[in-house]
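Student:
In this note's numbering, the protein residues as written are -4 to 637.
Written out as structure tokens, the structure reads:
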């Protein structure tokens, strides 16, 4: 049996530099040097990581552009590499590796076809053995030296496998020595029988510390880690040692760095109950929730030991506040809708406890509107918010003209990971003239229930994940008691990255909806379903997909169906192209009479900015209707289409 000790410092020693050839400066910058090449032989080409690691620590490889003045100098570099290579082999699980090297003159045929190497610049780094000595020294600079080939012959041997993982855990009142359980091995990402490489062994110790912290030991520390190698069986046994310190419950919370944000409000984001046993997941959850408030540039949540006499450990929250006010805006354009612009002002800490107020204005040829949104976090319960909004709009579309007012107040709260729900009451007023309902006026009250799922990686330019939303809203008339209907809509999108970097993304979306309870003619024009335009089916004018009247104005419908797909290809860091196809239709009845869709296709261009992609899209209707649809539509806006 052989014993060895692995450590983080040991790995950095494998990868580090600073001794041998690195510690000397050239003694004679004018002497002739001998160019050379480096070859590594004997390793399976599939061991790409091993070969890359050997290349990375090789002194001879790193100083190849600064050749030695003698064969002896090159030999010194090779001898220095042997020790480095042995450390790399051990870190990759090859404990019996054998390394030799040989230095030969390069064949004449290879010399004639090889490019000439430049002599080293004055003052460049050289090996300490590069001075002239004995027969290897070149006395004259008039002769061109013969290039050399340094070949490392490496026999890696049989890789060692992990045969056992043992734990020595020192508790305050006892010491336990045992094998790691199957569940613990799974959490440490170690398997019996896997190759004994250094990185998983080091990470396994860190994961083991996390396991003990999850058992309520916040101050656990790792002790000496040892590895025992069985040269006969070609296996190793890993021994981890830990000192847990006392088990603890969460204690007093101290908030540092709070200036404009109330400290009690910050402390209220803790995810644990008073007196609950310590668990690192609770610490991570609290930090994540605070970071998502957009109130802070940085958030640190950590235990601030020691454990007190009551068995509680204090917790410290450190925050750096960001600016609480912001303004912004955007512009858009399409051939059918013309130019549009929007602007907003936002305060994210209105009364000192994270209350967000956002005021906005939106102006285009189709509608002009004012909006206000308010959100009060931590309302009555942790992670529950009170939300309210109000909108006032003047509408001038082909489907209807006139004014609308609407308001909503309710509760928003998360249900599960990536799932949220919103529920509340709404009141609406509309005074519109529609294609089939002149001079209509409605006073409506209703409920709104929304269920959302979103696990995408970017709100403006997602490359992975999906979004899903169900909206159910029943309405009743306040002045006309006979008016009553319910709208139900389902919207979803999926994002699949073709490559690891997210430069090539397949994005798909779908929308469907239905209105139950009233015929189309009895519905307010603005509550009907419409389709067409930059936010639904590009290539058709705004709201023009679906039933039309005699003047080819949209009538809207009681049901809708839309589908679409894009392939987003990021060609350069700043530029991308996006071919897409979309289809959909609107139906007079609450269920589609058929599934016939109007299709459109197009090509988009993306210019990527710090706040999201700038979108340029051109789309053509594939089912063009005479005297209704134009040959193409053009769109400019910020953010992806969906």
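Note that the Cβ used here is the ideal one computed from N, Cα and C, for glycine as well.
Secondary structure at residue 358, three-state DSSP: helix, strand or coil?
Tutor: DSSP places residue 358 in strand when its eight states are reduced to three.
Student: Give a yes or no on whether the C-beta atoms belonging to residue 294 and residue 213 are separated by under 8 Å.
Tutor: No, they are not a contact pair.
Student: Extract the residue ranges of the beta strand (DSSP E) inside the stretch 177 to 233, only unbroken runs of 3 or more that lie entirely within it.
Tutor: 221 to 225, all fully within the stretch 177 to 233.
Student: For residue 618, which residues from the same chain have a beta carbon less than 7 Å from its beta carbon, with the 5 sequence-adjacent residues on both sides left out?
Tutor: Only 593 and 594 meet the Cβ criterion.
Student: Quick check on DSSP: helix, strand or coil for residue 419?
Tutor: Of the three classes helix, strand and coil, the one that applies to residue 419 here is strand, per DSSP.
Student: What whole-angstrom Cβ distance do residue 187 and residue 157 have, given they're in contact under 8 Å?
Tutor: With a Cβ gap of about 6 Å, residue 187 and residue 157 count as contacting.
Student: Kindly give me the distance between the Cβ atoms of residue 28 and residue 63, rounded to whole angstroms, as I take these residues to be in contact under 8 Å.
Tutor: Yes, they are in contact, since the Cβ atoms of residue 28 and residue 63 sit about 6 Å apart, within 8 Å.
Student: Check each candidate in 233, 228 and 210 and name the one with the smallest Cα separation from residue 221.
Tutor: It is 233.
Student: Could you work out which residue in 204, 41 and 87 is closest to residue 191 when comparing CA atoms only?
Tutor: Of the listed residues, the one whose Cα sits closest to residue 191 is 87.
Student: With distances taken from CA atoms, which of 475, 575, 571 and 483 is nearest residue 504?
Tutor: Out of 475, 575, 571 and 483, 575 has the C-alpha closest to the C-alpha of residue 504.
Student: Whose C-alpha, out of 287, 252 and 145, is nearest the C-alpha of residue 102?
Tutor: With distances taken between Cα atoms, residue 102 lies closest to 145.
Student: Output the boundary residues of the alpha helix (DSSP H) element that contains residue 54.
Tutor: Counting along the chain, the alpha helix (DSSP H) containing residue 54 begins and ends at 54 to 57.
Student: In whole angstroms, give me the CA-to-CA distance for residue 468 and residue 522.
Tutor: The alpha-carbon atoms of residue 468 and residue 522 are separated by roughly 11 Å.
Student: Would DSSP call residue 281 helix, strand or coil?
Tutor: DSSP places residue 281 in helix when its eight states are reduced to three.
Student: Please list, in chain order, all residues of the same chain as residue 163 whose beta carbon is under 8 Å from its beta carbon, the five residues on each side excluded.
Tutor: Correct list, in chain order: 170, 171, 172, 218, 234, 235, 236 and 237.
Student: Can we say the stretch 470 to 490 touches the stretch 510 to 519, given the rule of at least three CB pairs closer than 8 Å?
Tutor: They touch, by the three-pair rule.
Student: Shortest alpha-carbon distance to residue 527 belongs to which of 636, 478 and 455?
Tutor: Residue 527 has its Cα closest to that of 636, out of 636, 478 and 455.
Student: Is residue 527 helix, strand or coil by DSSP?
Tutor: Reduced to three states, the DSSP call for residue 527 is coil.
Student: Comparing alpha-carbon positions, which option in 385, 470 and 31 lies nearest residue 141?
Tutor: Nearest of 385, 470 and 31 to residue 141, Cα basis: 31.
Student: Is it true that the stretch 558 to 573 meets the stretch 624 to 634, where meeting means three or more beta-carbon pairs spaced less than 8 Å apart?
Tutor: Short answer: they don't touch.
Student: In the DSSP assignment, the alpha helix (DSSP H) including residue 260 goes from what residue to what residue?
Tutor: Residues 258 to 262.
Student: Output yes or no for whether 8 Å exceeds the beta carbon distance between residue 244 and residue 306.
Tutor: Against a cut-off of 8 Å, the Cβ pair of residue 306 and residue 244 comes out as a contact.
Student: Can you tell me which of 463, 75 and 165 puts its alpha carbon nearest to the alpha carbon of residue 242?
Tutor: Cα-wise, what sits closest to residue 242 is 165.
Student: Between residue 516 and residue 471, which are expected to be in contact by the criterion C-beta below 8 Å, what is the C-beta distance as a whole number of angstroms?
Tutor: The pair is not a contact, with the Cβ atoms about 18 Å apart (cut-off 8 Å).
Student: Tell me the DSSP secondary structure of residue 640 in three-state form.
Tutor: This structure cannot settle anything about residue 640, because the visible part of the chain is limited to -4 through 637.
Student: Please classify residue 615: does DSSP put it in a helix, a strand, or coil?
Tutor: Correct three-state label for residue 615: strand.
Student: Might you give, ordered along the chain, the residues of its own chain that have their beta carbon closer than 6 Å to the beta carbon of residue 370, omitting 5 neighbours on each side?
Tutor: Same-chain partners within the cutoff: 351, 380 and 382.
Student: Could you tell me which residues DSSP puts in a beta bridge with residue 174?
Tutor: Beta-bridge pairing links residue 174 to 161.
Student: Do the CB positions of residue 624 and residue 535 come within less than 8 Å of each other?
Tutor: Yes.
Student: Tell me the start and end of each unbroken beta strand (DSSP E) in the stretch 261 to 326 that is at least 3 residues and wholly inside, in chain order.
Tutor: Fully enclosed beta strand (DSSP E) runs of 3 or longer: 291 to 298 and 307 to 316.
Student: In the DSSP assignment, find the unbroken beta strand (DSSP E) run with residue 411 in it and report its ends.
Tutor: Looking at the DSSP string, residue 411 is not in any beta strand (DSSP E), and its letter there is neither H nor E.
Student: Count the other C-beta atoms from every protein chain shown that fall within 10 angstroms of the C-beta of residue 398, then say buried if there are 16 or more, exposed otherwise.
Tutor: Flag for residue 398 reads exposed.
Student: Between residue 82 and the ligand FAD, is the CB less than 7 Å from at least one heavy atom?
Tutor: Absence of the ligand FAD is noted for the structure shown, with no ligands found whatsoever.
Student: From 431, 447, 256 and 439, pick the residue whose C-alpha is nearest to that of residue 639; which is it?
Tutor: Summary: the structure shown does not reach residue 639, with the chain confined to residues -4 through 637, and so no result is reported for it.
Student: Residue 469 lies in the beta strand (DSSP E); which residues open and close that run?
Tutor: First-last of the beta strand (DSSP E) with residue 469: 460 to 472.
Student: Is it right to say residue 287 is buried, meaning 16 or more other beta carbons lie within 10 angstroms of its own, or is it exposed?
Tutor: Answer is exposed; the Cβ neighbour count stays below 16.
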